Amino acid sequence: MLWAARALLLTEGAEPRTQEGVRTMLGLYFIRTERLPQEVGRLLTRRLDDHMSADYSDASFLSQEDAEEAIGQAERFLEALRPLVEGYLQEED
2 MLWAARALLL
12 TEGAEPRTQE
22 GVRTMLGLYF
32 IRTERLPQEV
42 GRLLTRRLDD
52 HMSADYSDAS
62 FLSQEDAEEA
72 IGQAERFLEA
82 LRPLVEGYLQ
92 EED
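So, in structure tokens, the structure goes:
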């Protein structure tokens, strides 16, 4: 999800260097302008928070149910971004 968000931000010329930068810029360029629904921003925030917890926690565990939920959220996130990226690519042709 992080790299998909980075790719989308590149369509605006934005190149955030951190995960927090990706989260912030996605909000500025796409959520606040209503080109993406707020739920998309919440999905990214949840997954990035989980990623950070897993990176820095000694006792990180993901159940199968949690993994399936994360996969579903990632799929919804990517589906929301797809039309914007495809539209950008068509403009570039």
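So for the sequence shown, this note's numbering puts the first residue at 2; every next one is plus one. The beta carbon of each residue, even a glycine, is placed where N, CA and C say it ideally should be. Small disclaimer: the values here were computed from a predicted structure and weren't measured.
Could you check what DSSP says for LEU44 in three-state terms: helix, strand or coil?
Here residue 44 refers to the residue found at position 43 when the sequence shown is read from its first residue. Three-state DSSP puts LEU44 in a helix.
By a C-beta neighbour count over all protein chains shown, 10 Å radius and 16 as the cutoff for buried, is ALA8 buried or exposed?
As a position in the sequence shown, residue 8 is number 7, starting the count at 1. Flag for ALA8 reads exposed.
With a 10 Å radius around its C-beta and 16 neighbouring C-beta atoms as the bar for buried, classify GLN74 as buried or exposed.
On the sequence shown, residue 74 is found 73 positions in, with the first residue counted as 1. Buried.
Quick check on ASP68: does DSSP put it in helix, strand or coil?
In the sequence shown, counting from the first residue as 1, residue 68 sits at position 67. The sequence shown places Ala at residue 68, rather than the Asp named in the question. Looking at ALA68 - three-state DSSP - the assignment turns out to be helix.
What is the residue span of the alpha helix (DSSP H) that GLY22 lies within?
Indexing the sequence shown from 1 puts residue 22 at position 21. Note, GLY22: alpha helix (DSSP H), 20-27.
Under the assumption that LEU79 contacts ALA15 (Cβ atoms under 8 Å), give the Cβ distance between them as a whole number of angstroms.
Along the sequence shown, read from residue 1 onward, the residue named residue 79 stands at position 78. Along the sequence shown, read from residue 1 onward, the residue named residue 15 stands at position 14. Contact doesn't hold; Cβ gap of about 19 Å is too wide.
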